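K.L.:
Before I ask anything, here is the structure I am working with.
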Amino acid sequence: MDRIIKSHRGIYYVEQNNKVILCKARGVFRDRDIKPIVGDLVDISINDDGTGYIEKVYERKNQLLRPPLANIDQVIIIMSLKDPKINLNLLDKYILMLEKSNLEIKIIFNKVDLVKDKDMEYISSIYANIGYDIYFNSNVKESNLSLDRLFEDKITAVVGPSGVGKSTTLNKIFSNFNFDTGEISVKNKKGKHTTRHIEMSKLSNNSYIIDTPGFSSLSLEFIDERNDIKDNFIEFRKYANKCKYNDCYHINEPVCGVKLALEEKIIAKERYENYKQILNEYDKIRRF
Ligand SMILES: Nc1nc2c(ncn2[C@@H]2O[C@H](COP(=O)(O)OP(=O)(O)OP(=O)(O)O)[C@@H](O)[C@H]2O)c(=O)[nH]1
Ligand SMILES: [Mg+2]
Ligand SMILES: [Zn+2]
């Protein structure tokens, strides 16, 4: 069993005994609608010329749709507090997607050198309060954070909008790597999609990191059922059992534990507003 560590233009780069074999997929996968993706565990056969064919794709432990990745252990979301400005709605959507896939989540808030302490406290009051593992980082300040331990013995995908500093952060933590980095544009202060492909980089035998291209929006195609949304705002769970109705969506229903917790400021207004927005967006696309 070997692992696909990169794919580019129909060629799969498969790691086998610390060597990389360039492989094609057999047509049979296309028939069965299986498209091998980075992270897949596969069996390959080797041709006389040293290239290979993917013969079998093993069942995935999990799968991320955006970016397409299989069999990862955790996802580290990186968001910058400024340049580009933080988009909490996009962050909450991304968290929702990861919660739904049962993936371990960590969040790094980057570029803290560009903001004031109170901006960090504000973020903490929302996300640390829920119980998420959050970290504040700057790549320009001397920092004593040892973020490298977050990656130990794990397959980690690093995701986030373009220009937030994903590649820069990885280069700083792992000085033996050299991920492509780029300036953000002067005009709109956004990233320029510097990282363009997905590749697993090996840290040690059982740790890999995957730097990924930035995204600026996320479609809700990963949601199968309407209640996936409320069920994966994890801080709602504790209060939802105080709702009068079992299928309460915490909008206008009478006697709602979530809305009560919101009034008492136990649940953050920002999260609740994003929840409502996402539910709305889902209802709109489902009508078509
Ligand atoms: N002020 C400040 N700038 C940073 C920090 N980290 C990264 N940058 C800058 O942000 C810009 C974008 O960094 P990248 O690492 O290329 O961003 P990315 O998230 O990998 O972007 P994509 O590959 O396009 O998704 C570069 O100009 C970096 O120098 C930081 O902590 N503080
Ligand atoms: Mg990058
Ligand atoms: Zn409710």
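Using numbering that gives the first Met the number 0, you'd call the opening residue of the sequence shown number 0 and step up by one each time.
Where is the CB? At the ideal position from N, CA and C, for every residue including glycine.
Nothing here was measured: the structure is a model prediction, and the numbers come from that model.
Give me the Cβ distance between V163 and P253, rounded to the nearest whole Å; I'm assuming they're in contact under 8 Å.
P.N.:
Start at 1 with the first residue of the sequence shown, and residue 163 comes out as number 164. Start at 1 with the first residue of the sequence shown, and residue 253 comes out as number 254. Contact doesn't hold; Cβ gap of about 42 Å is too wide.
K.L.:
What does the Cβ neighbour count give for A267, buried or exposed, with the cut at 16 atoms within 10 Å?
P.N.:
Walking along the sequence shown from the start, residue 267 turns up at place 268. Per the 10 Å Cβ criterion, buried.
K.L.:
Locate the beta strand (DSSP E) running through S200, then write down its first and last residues.
P.N.:
The sequence position of residue 200 within the sequence shown is 201, counting from 1. Taken as a continuous stretch (DSSP letters only), the beta strand (DSSP E) holding S200 covers 198-203.
K.L.:
How close, in whole Å, do the beta carbons of K276 and N88 come, if the pair is a contact with beta carbons under 8 Å?
P.N.:
Within the sequence shown, the letter at position 277 stands for residue 276. Within the sequence shown, the letter at position 89 stands for residue 88. Checking the sequence shown, residue 276 turns out to be Gln, not Lys. That belief holds up - the Cβ atoms of Q276 and N88 are roughly 6 Å apart, short of 8 Å.
K.L.:
Any idea what DSSP makes of T155, helix, strand or coil?
P.N.:
For the purposes of this step, residue 155 is identified with residue 156 of the sequence shown, where counting begins at 1. It is a strand residue.
K.L.:
Take R285 as the anchor and find which of E220, K243, N187 has the nearest alpha-carbon.
P.N.:
Taking the sequence shown and counting its residues from 1, the one referred to as residue 285 is at position 286. Per the Cα distances, E220.
K.L.:
Is K81 near L113, with beta carbons less than 8 Å apart?
P.N.:
Taking the sequence shown and counting its residues from 1, the one referred to as residue 81 is at position 82. Taking the sequence shown and counting its residues from 1, the one referred to as residue 113 is at position 114. Closer than 8 Å, so yes.
K.L.:
Exposed or buried, V139, counting other C-beta atoms within 10 Å across all chains shown (16 or more means buried)?
P.N.:
Mapped onto the sequence shown, residue 139 falls at position 140. So V139 ends up on the exposed side.
K.L.:
If you pair each beta-carbon of the region 182-195 with each one of the region 147-163, do three or more pairs fall below 8 Å?
P.N.:
At 8 Å Cβ cutoff, the stretches touch.
K.L.:
Please tell me whether, using a cut-off of 7 Å, the distance from the CB of K258 to the nearest non-hydrogen atom of ligand 3 is below it.
P.N.:
What you label residue 258 is simply residue 259 of the sequence shown in a count that begins at 1. Flag set: Cβ of K258 near ligand 3.
K.L.:
Report the start-end ranges of each beta strand (DSSP E) in the region 193-247 that is 3 residues or longer and not cut off at the edges.
P.N.:
If we require 3 residues or more, the beta strand (DSSP E) runs fully inside the region 193-247 come out as 198-203, 206-210.
K.L.:
Between the Cα of N204 and the Cα atoms of H7, G9, E14, which residue gives the shortest distance?
P.N.:
On the sequence shown, residue 204 is found 205 positions in, with the first residue counted as 1. Ranking H7, G9, E14 by Cα distance to N204 puts E14 first.
K.L.:
Is E252 near ligand 3, with its Cβ less than 7 Å from a heavy atom?
P.N.:
For this step, residue 252 is matched to residue 253 along the sequence shown. Yes.
K.L.:
Quick one: residues in its chain with C-beta nearer than 6 Å to the C-beta of C255, no 5 flanking neighbours on either side, listed in chain order?
P.N.:
In the sequence shown, the residue the question calls residue 255 occupies position 256. Closer than 6 Å at the Cβ level, and outside the excluded window around C255, lie C242, C247, H249.
K.L.:
Using a Cβ-Cβ cutoff of less than 7 Å, which residues in the same chain neighbour I208 once the five nearest sequence positions on both sides are dropped?
P.N.:
Locating residue 208 in the sequence shown gives position 209, where the first residue counts as 1. F150, T155, V157, L169, S200, L202.
K.L.:
Hey, out of F232, E141, Y281, whose CA is closest to D91's CA?
P.N.:
Here residue 91 is taken as the residue at index 92 of the sequence shown, counted from 1. When only C-alpha atoms are compared, the closest one is F232.
K.L.:
Kindly indicate which three-state DSSP category M119 falls into: helix, strand or coil?
P.N.:
Locating residue 119 in the sequence shown gives position 120, counting from the first residue. In the structure shown, M119 sits in a helix (DSSP, three-state: H, G or I).
K.L.:
Can you tell me whether D42 is helix, strand or coil according to DSSP?
P.N.:
Your numbering for residue 42 matches position 43 in the sequence shown. Three-state result, D42: strand.
K.L.:
Going by DSSP in three states, M0 sits in which element: helix, strand or coil?
P.N.:
As a first step, residue 0 must be located in the sequence shown, where it is residue number 1. M0 falls in the coil class under three-state DSSP.
K.L.:
On the three-state DSSP scale, how would you describe I85?
P.N.:
Working through the sequence shown from its first residue, we reach residue 85 at position 86. Here I85 sits in coil by DSSP.
K.L.:
Is D82 near ligand 2, going by C-beta to nearest heavy atom under 7 Å?
P.N.:
By 1-based counting over the sequence shown, the position of residue 82 is 83. Incorrect: D82 has no Cβ contact closer than 7 Å to ligand 2.
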